[in-house]
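*Asks:* Taken in order, the sequence shown gives residues 1 to 966; the numbers are from UniProt numbering.
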Amino acid sequence: MLMSALKPLGELENATEFAARHIGPYEDDERHMLSVIGAASRRALIEAIVPRTIARTKPMSLPAPVTEAQALAEMKALAQKNQVLKSFIGQGYHGTHTPGVILRNILENPAWYTAYTPYQAEISQGRMEALVNFQTMVCELTGMAMANASMLDEATAAAEAMTLAKRSVKAKSDTIIVAGDCHPQTIEVLQTRAAPLGLKVLVGVAPQLMQEHDYFAVIAQYPSTSGLIHDLKPFVEQAHAKGAAFIVAADLLALTLLVPPGEFGADIVVGTTQRFGVPMGAGGPHAAYMACRDEWKRSMPGRLVGVSIDSHGQPAYRLALQTREQHIRREKATSNICTAQVLLAVIASMYAVYHGPAGLKRIAQRVASYTAILSQGLQQLGRQVITPAAFDTITIATGADTDTVLAKALAAGANLRRLSPTHLSVALDETTTRADVNALWSWFAKDGQALPEWAAFEKGVDSLIPEGLRRTSAYLTHPVFNTHHSETQMLRYIRSLSDKDLALDRTMIPLGSCTMKLNATSEMIPITWPEFAHMHPFAPREQLAGYWAMNDQLCAWLSQATGYAGVSLQPNAGSQGEYAGLLVIKAWHESRGEGHRNICLIPESAHGTNPASAQMVGMTVVVTKCDAMGNVDIDDLKAKCEQHSANLAAVMITYPSTHGVFEVRVKELCALVHQHGGRVYVDGANMNALVGVAAPGEFGGDVSHLNLHKTFCIPHGGGGPGVGPVAVVEDLVPFLPAHRTAGVGGAHSVGAVSAAPLGNAAVLPISWMYCRMMGAEGLRDATEVAILSANYIAARLAGHFPVLYSGGDAGLKGGGVAHECILDIRPLAKTSGVGAEDVAKRLIDYGFHAPTLSFPVAGTLMIEPTESEPLAELDRFCDAMIAIREEIAKVESGAWPQDDNPLKNAPHTAASLLKSEWAHPYTREEAAYPVASLRKQKYWAPVGRVDNVWGDRNLSCSCPPLSDYA
Numbered sequence: 001m002l003m004s005a006l007k008p009l010g011e012l013e014n015a016t017e018f019a020a021r022h023i024g025p026y027e028d029d030e031r032h033m034l035s036v037i038g039a040a041s042r043r044a045l046i047e048a049i050v051p052r053t054i055a056r057t058k059p060m061s062l063p064a065p066v067t068e069a070q071a072l073a074e075m076k077a078l079a080q081k082n083q084v085l086k087s088f089i090g091q092g093y094h095g096t097h098t099p100g101v102i103l104r105n106i107l108e109n110p111a112w113y114t115a116y117t118p119y120q121a122e123i124s125q126g127r128m129e130a131l132v133n134f135q136t137m138v139c140e141l142t143g144m145a146m147a148n149a150s151m152l153d154e155a156t157a158a159a160e161a162m163t164l165a166k167r168s169v170k171a172k173s174d175t176i177i178v179a180g181d182c183h184p185q186t187i188e189v190l191q192t193r194a195a196p197l198g199l200k201v202l203v204g205v206a207p208q209l210m211q212e213h214d215y216f217a218v219i220a221q222y223p224s225t226s227g228l229i230h231d232l233k234p235f236v237e238q239a240h241a242k243g244a245a246f247i248v249a250a251d252l253l254a255l256t257l258l259v260p261p262g263e264f265g266a267d268i269v270v271g272t273t274q275r276f277g278v279p280m281g282a283g284g285p286h287a288a289y290m291a292c293r294d295e296w297k298r299s300m301p302g303r304l305v306g307v308s309i310d311s312h313g314q315p316a317y318r319l320a321l322q323t324r325e326q327h328i329r330r331e332k333a334t335s336n337i338c339t340a341q342v343l344l345a346v347i348a349s350m351y352a353v354y355h356g357p358a359g360l361k362r363i364a365q366r367v368a369s370y371t372a373i374l375s376q377g378l379q380q381l382g383r384q385v386i387t388p389a390a391f392d393t394i395t396i397a398t399g400a401d402t403d404t405v406l407a408k409a410l411a412a413g414a415n416l417r418r419l420s421p422t423h424l425s426v427a428l429d430e431t432t433t434r435a436d437v438n439a440l441w442s443w444f445a446k447d448g449q450a451l452p453e454w455a456a457f458e459k460g461v462d463s464l465i466p467e468g469l470r471r472t473s474a475y476l477t478h479p480v481f482n483t484h485h486s487e488t489q490m491l492r493y494i495r496s497l498s499d500k501d502l503a504l505d506r507t508m509i510p511l512g513s514c515t516m517k518l519n520a521t522s523e524m525i526p527i528t529w530p531e532f533a534h535m536h537p538f539a540p541r542e543q544l545a546g547y548w549a550m551n552d553q554l555c556a557w558l559s560q561a562t563g564y565a566g567v568s569l570q571p572n573a574g575s576q577g578e579y580a581g582l583l584v585i586k587a588w589h590e591s592r593g594e595g596h597r598n599i600c601l602i603p604e605s606a607h608g609t610n611p612a613s614a615q616m617v618g619m620t621v622v623v624t625k626c627d628a629m630g631n632v633d634i635d636d637l638k639a640k641c642e643q644h645s646a647n648l649a650a651v652m653i654t655y656p657s658t659h660g661v662f663e664v665r666v667k668e669l670c671a672l673v674h675q676h677g678g679r680v681y682v683d684g685a686n687m688n689a690l691v692g693v694a695a696p697g698e699f700g701g702d703v704s705h706l707n708l709h710k711t712f713c714i715p716h717g718g719g720g721p722g723v724g725p726v727a728v729v730e731d732l733v734p735f736l737p738a739h740r741t742a743g744v745g746g747a748h749s750v751g752a753v754s755a756a757p758l759g760n761a762a763v764l765p766i767s768w769m770y771c772r773m774m775g776a777e778g779l780r781d782a783t784e785v786a787i788l789s790a791n792y793i794a795a796r797l798a799g800h801f802p803v804l805y806s807g808g809d810a811g812l813k814g815g816g817v818a819h820e821c822i823l824d825i826r827p828l829a830k831t832s833g834v835g836a837e838d839v840a841k842r843l844i845d846y847g848f849h850a851p852t853l854s855f856p857v858a859g860t861l862m863i864e865p866t867e868s869e870p871l872a873e874l875d876r877f878c879d880a881m882i883a884i885r886e887e888i889a890k891v892e893s894g895a896w897p898q899d900d901n902p903l904k905n906a907p908h909t910a911a912s913l914l915k916s917e918w919a920h921p922y923t924r925e926e927a928a929y930p931v932a933s934l935r936k937q938k939y940w941a942p943v944g945r946v947d948n949v950w951g952d953r954n955l956s957c958s959c960p961p962l963s964d965y966a
């Protein structure tokens, strides 16, 4: 019997298997999609849409793709280059135990990490309840009236507090006093952020500086970076007497035992929740927090989740107040933050829910007890402990022994913190054991010294927290923090919340400009490996060798993708990448003696973060016009360039444009700005339409930021985490952000823009894995299929809804768009009274998250499918939109009244459909099952349409009273 020949080994090894799984449509699907669009091939489609003047002339130079298993093996080899030592460094980063039920069911659960920012409240009730828990936790632990739904890190939160204080107080000074014993990374970021705003940062002994200078605010660490607990109350009173604010950077775990800042009059409290169950991860992501006095809540940056009511009068959550204030106020915005660290805030809040007030206090008391025991033992050994009042950190005068003690610790596998040439500090945490304390004693002991006996401490030890600074007030009294302490209860609580939400694990999220990509499981696996999770960001660099190697490789690959010469991964959000990029441009001009250049031209269609970022670096925003097709008006741009030629610093554009089209004159635009001495900032929000097809660094861009949580697969996580690398051309590389606290950066580098030198380092393995498994061809294919899918949707829906800003002359059905398309609902609003919001809410009944609502054009929906959605899901979405158009037609014909129809009443809850009375002109079946496929799988919105106005008029951002849960 003859044996059939096997295929060539190269085919069987299948190195491109991941790309085939990442990209949704199959070959037959692509042929069908192209036939609907009217394009002969995918190549013909791309050539018709992407201007040939900007097309890449050569492919990206990336390693050949490997399989998922091979990529994981390579990543494991990188991880093993890290040296995971026991950390006693502190400095705002601590060891913690992530409860297994939270690790598995939140951090590793796509129902949580693939969710989007909760702009559509009705399908975000679960994560918003968790965020309200977070806000309540922060308010009660800090003693403050108001808290937001998280910030990026403690250092940037302190910087935001600085500007909040500046615009809120009566004091006219431009000086902020920063206590010298704040964390050094916080001081560095404050200095970076203050300089372009003309604010002066005075660092030193705060009481002395407060006597000698006028100031608008003071910031102090509580406890300090050396561990000392100061009584801050008299200094708060002194600041208030001068009309200034007092900002406290506080440790939340310590606040279970210390008098909270709100009780001694603090105006703003900031900090990190990292030690509430979130691994150190070489610096992030972690959820920072900000709390403030009640009268400042409407000026507080970031996101705020509020309690409102739905259309049935039931409690419901929603984003409140300044949800995206930079889109509303643009260059007048006080912050460019349009994100948070939601996934990490959820973990921290669940840590508090799981442990409850008694559990948190027990953890804190254990830490405080170990600290007191360690201190007493060291003093028995003859060491001088110079922090008599402490919670978890003590500082020891080691004199000439400093290097010897450090070497002993290092040899035993531990890091201590060198606070000065003659002082070491030691920070304890939740993971500390008796063995750790014994080891610490042994490193500080002289040769031959007997170690202290534990028997002396068994009956208890005097606290190092002064009696007058010990907390007496209650916290976390709400039932949610006092119910779910068994694993069974916690598991079911987490599941009950995730069941209320829509994330990518259930459905396509077709958000234009937001790129909700597949977050492949293999990409996610490494982030919880101990070699990545348990690294301190300020460990010696050689111990972080794996992280730095990954950083360098990923930077090189991103340079290939963008056409730029250098990349910094330090910015920990897209907004921070924008800010860093503009700082680089500003520093470059100053290095040439042209610091007077401060005009930033920004098209009227730009993302709202663009003008906000320009304002934050001290630039003056000049808005340029767009033409009828949404393109930058080149004639107006030319006039503005000529008008401001002597002072032109930069132009900021988004490419493809915010309107979702490739502007054909972009190279002309870049050349024009360069001619007048300015630099070109290309916002990288839409890079999913460019990678492998065109590169901003090649067609004239000087600086871009990327959103790794968009184009490069880091999950949105319900609104965070993120990474926003900044990429630059060759002559701007020396100006990329430094981190001098960590010894990173050169003479021309701009200052640190985030607390950690590698930013949100712990999620970088995701983008590394994506690039490694896709390779150059796979990344290019992903871009092309994203464009194909958007054009397929535009083609299928063009006969039902007007498609704005499509190319028109491309000879394609739907007109030809980039990776997203805009449907215009405004004409239908005139004929039926049904607006874009009604369509968005009705899509929930069909089981979809809505597209981007009313951005960049009011009354429209912007749709972006991404390359990973299979044809069946694209069709399901198109079928839903077509069915909704037919429903609108019934309203137009008068079959359904304009004020009582399925669109105006959407979304429909199960409870509303089960009521005995039904007075609507449409049937219950039409409400619940508008298409037959919903009978097989149906998502039920947990609440009806949320009343936004009621929520703002009756603002409440803490857990509702128990009666509301009845």
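Yeah, the Cβ is synthetic: ideal placement off N, Cα and C, and Gly gets one too.
Does DSSP put residue 603 in a helix, a strand or coil?
*Replies:* Working through the sequence shown from its first residue, we reach residue 603 at position 603. The answer is strand: DSSP assigns residue 603 an E or B state.
*Asks:* So, using beta-carbon positions, are residue 568 and residue 725 closer together than 8 Å?
*Replies:* As a first step, residue 568 must be located in the sequence shown, where it is residue number 568. As a first step, residue 725 must be located in the sequence shown, where it is residue number 725. In this structure, residue 725 lies closer than 8 Å to residue 568 by Cβ.
*Asks:* Since residue 158 and residue 774 are thought to touch, with beta carbons under 8 Å apart, how far apart are those beta carbons, to the nearest angstrom?
*Replies:* As a first step, residue 158 is located in the sequence shown; it is residue number 158 there, counting from the start. As a first step, residue 774 is located in the sequence shown; it is residue number 774 there, counting from the start. Not really, about 38 Å apart at Cβ, beyond 8 Å.
*Asks:* How would you write the range of the alpha helix (DSSP H) that residue 667 sits in, first residue to last?
*Replies:* What you label residue 667 is simply residue 667 of the sequence shown in a count that begins at 1. Counting along the chain, the alpha helix (DSSP H) containing residue 667 begins and ends at 666 to 675.
*Asks:* Is the beta carbon of residue 271 less than 8 Å from the beta carbon of residue 251?
*Replies:* Start at 1 with the first residue of the sequence shown, and residue 271 comes out as number 271. Start at 1 with the first residue of the sequence shown, and residue 251 comes out as number 251. Contact: yes.
*Asks:* Can you tell me which residues form a DSSP beta bridge with residue 288?
*Replies:* For the purposes of this step, residue 288 is identified with residue 288 of the sequence shown, where counting begins at 1. Looking at the DSSP assignment, residue 288 forms a beta bridge with 151, 272.
*Asks:* Take the Cβ of residue 63 as the centre, count every other Cβ of all protein chains shown within 10 Å, and call the residue buried at 16 or more, exposed below.
*Replies:* Taking the sequence shown and counting its residues from 1, one reaches residue 63 at position 63. With fewer than 16 Cβ atoms within 10 Å of its Cβ, residue 63 is classed as exposed.
*Asks:* Taking Cβ positions, are residue 532 and residue 254 nearer each other than 8 Å?
*Replies:* As a first step, residue 532 is located in the sequence shown; it is residue number 532 there, counting from the start. As a first step, residue 254 is located in the sequence shown; it is residue number 254 there, counting from the start. No, the Cβ-Cβ distance between residue 532 and residue 254 is not below 8 Å.
*Asks:* Looking only at C-alpha atoms, which of 279, 638, 66, 704 sits nearest to residue 10?
*Replies:* As a working mapping, residue 10 is identified with position 10 in the sequence shown. Checking every option, the nearest Cα to that of residue 10 belongs to 66.
*Asks:* Do residue 60 and residue 689 have their beta-carbon atoms positioned less than 8 Å apart in this structure?
*Replies:* In the sequence shown, residue 689 corresponds to position 689, counting from 1. In the sequence shown, residue 60 corresponds to position 60, counting from 1. Their beta carbons are not under 8 Å apart, which means residue 689 does not touch residue 60 by this criterion.
*Asks:* Using 8 Å for Cβ pairs, my map puts residue 359 next to residue 337. What's the rounded Cβ distance?
*Replies:* Here residue 359 corresponds to residue number 359 of the sequence shown, with the count starting at 1. Here residue 337 corresponds to residue number 337 of the sequence shown, with the count starting at 1. About 32 Å; that fails the 8 Å criterion.
*Asks:* Does the ligand MG have even one heavy atom less than 7 Å from the beta-carbon of residue 489?
*Replies:* For the structure depicted, the ligand MG is absent and the ligand set is empty, with no information on it obtainable.
*Asks:* Going by C-alpha to C-alpha distance, which of 349, 436, 442, 419 sits closest to residue 379?
*Replies:* If you number the sequence shown from 1, residue 379 lands on position 379. Comparing Cα positions, the closest option is 442.
*Asks:* From 265, 721, 508, pick the residue whose C-alpha is nearest to that of residue 241; which is it?
*Replies:* As a working mapping, residue 241 is identified with position 241 in the sequence shown. Taking only the C-alpha atoms, the option nearest residue 241 is 265.
*Asks:* Just curious, the beta strand (DSSP E) that residue 704 is in, first and last residue?
*Replies:* Your numbering for residue 704 matches position 704 in the sequence shown. Start and end: 703 to 706.
*Asks:* Using 8 Å as the limit for Cβ to Cβ distance, is residue 524 near chain B?
*Replies:* Going by chain labels, chain B is absent from the structure shown, which holds only one protein chain.
*Asks:* Please return the same chain residues whose Cβ sits closer than 6 Å to the Cβ of residue 323, not counting the five positions on each side in sequence.
*Replies:* Position 323 of the sequence shown, counted from the first residue, corresponds to residue 323. Confidence at residue 323 is low in this model, with a pLDDT of 49, below 50, so its placement is unreliable and the value that follows should be read with caution. Counting only Cβ-Cβ distances below 6 Å, and skipping sequence neighbours, we find nothing.
*Asks:* Would you check if there are 3 or more beta carbon pairs closer than 8 Å linking the region 930 to 948 to the region 831 to 849?
*Replies:* Result yes; three or more Cβ-Cβ pairs closer than 8 Å.
*Asks:* Taking all protein chains shown into account, do 16 or more other C-beta atoms lie within 10 angstroms of the C-beta of residue 383, making it buried, or fewer, making it exposed?
*Replies:* The sequence position of residue 383 within the sequence shown is 383, counting from 1. Residue 383 should be labelled buried.
*Asks:* At 4 residues or longer, what runs of the alpha helix (DSSP H) sit wholly inside the UniProt domain "Glycine dehydrogenase C-terminal" (782 to 908)?
*Replies:* Counting whole runs of 4 or more residues, the UniProt domain "Glycine dehydrogenase C-terminal" (782 to 908) contains the alpha helix (DSSP H) stretches 826 to 832, 836 to 845, 871 to 893.
*Asks:* For the pair the region 881 to 897 and the region 527 to 547, tell me if three or more CB-CB distances fall below 8 Å.
*Replies:* Judged by Cβ distances under 8 Å, the region 881 to 897 makes no contact with the region 527 to 547, as fewer than three pairs qualify.
*Asks:* With a threshold of 16 other CB atoms inside 10 Å of the CB of residue 13, please say whether the residue is buried or exposed.
*Replies:* Counting from 1 along the sequence shown, the entry for residue 13 is found at position 13. Exposed, since its Cβ has fewer than 16 Cβ neighbours within 10 Å.
*Asks:* Is residue 626 helix, strand or coil by DSSP?
*Replies:* Translated into positions along the sequence shown, residue 626 becomes position 626. In the structure shown, residue 626 sits in a strand (DSSP, three-state: E or B).
*Asks:* From the DSSP output, read off the bridge partner residues of residue 5.
*Replies:* Taking the sequence shown and counting its residues from 1, the one referred to as residue 5 is at position 5. Paired residue(s): none; residue 5 is not in a bridge.
*Asks:* Determine the burial state of residue 160: buried for a count of at least 16 other Cβ atoms within 10 Å of its Cβ, exposed for fewer.
*Replies:* Your numbering for residue 160 matches position 160 in the sequence shown. So residue 160 ends up on the buried side.
*Asks:* Can you check which of these residues, 412, 398, 411, is closest to residue 422 by C-alpha distance?
*Replies:* Reading the sequence shown from its first residue, position 422 is the one you call residue 422. Minimum Cα distance to residue 422 is reached at 398.
*Asks:* Can you name the residues that DSSP bridges to residue 727?
*Replies:* Indexing the sequence shown from 1 puts residue 727 at position 727. Per DSSP, 567, 704.
*Asks:* If you follow the alpha helix (DSSP H) that residue 207 is part of, which residue opens it and which one closes it?
*Replies:* For the purposes of this step, residue 207 is taken as the residue at position 207 of the sequence shown. Unbroken alpha helix (DSSP H) run through residue 207: 206 to 212.
*Asks:* Please classify residue 712: does DSSP put it in a helix, a strand, or coil?
*Replies:* Residue 712 sits at position 712 when you count from the first residue of the sequence shown. DSSP places residue 712 in coil when its eight states are reduced to three.
*Asks:* Given this structure, state the Cα-to-Cα distance separating residue 900 from residue 919, to the nearest angstrom.
*Replies:* Residue numbering aside, residue 900 sits at position 900 when the sequence shown is read from its first letter. Residue numbering aside, residue 919 sits at position 919 when the sequence shown is read from its first letter. Cα to Cα, the separation comes out at about 10 Å.
*Asks:* Return helix, strand or coil for residue 107, following the three-state DSSP convention.
*Replies:* By 1-based counting over the sequence shown, the position of residue 107 is 107. It is helical.
*Asks:* Going by DSSP in three states, residue 506 sits in which element: helix, strand or coil?
*Replies:* Translated into positions along the sequence shown, residue 506 becomes position 506. Looking at residue 506 - three-state DSSP - the assignment turns out to be coil, as it is neither helix nor strand.
*Asks:* Assuming residue 849 contacts residue 116 under a Cβ cut-off of 8 Å, what Cβ separation, rounded to an integer in Å, is found between them?
*Replies:* Position 849 of the sequence shown, counted from the start, is the residue given in the question as residue 849. Position 116 of the sequence shown, counted from the start, is the residue given in the question as residue 116. Correct: roughly 7 Å between the Cβ atoms.
*Asks:* How big is the Cα-Cα spacing for residue 570 and residue 737?
*Replies:* Translated into the one-based positions of the sequence shown, residue 570 becomes position 570. Translated into the one-based positions of the sequence shown, residue 737 becomes position 737. So the alpha carbons of these two residues sit roughly 7 Å apart.
*Asks:* Are residue 528 and residue 278 close, meaning C-beta to C-beta below 8 Å?
*Replies:* Taking the sequence shown and counting its residues from 1, one reaches residue 528 at position 528. Taking the sequence shown and counting its residues from 1, one reaches residue 278 at position 278. Not closer than 8 Å, so no.
*Asks:* Quick one: grab the DSSP three-state call for residue 468.
*Replies:* Start at 1 with the first residue of the sequence shown, and residue 468 comes out as number 468. The answer is helix: DSSP assigns residue 468 an H, G or I state.
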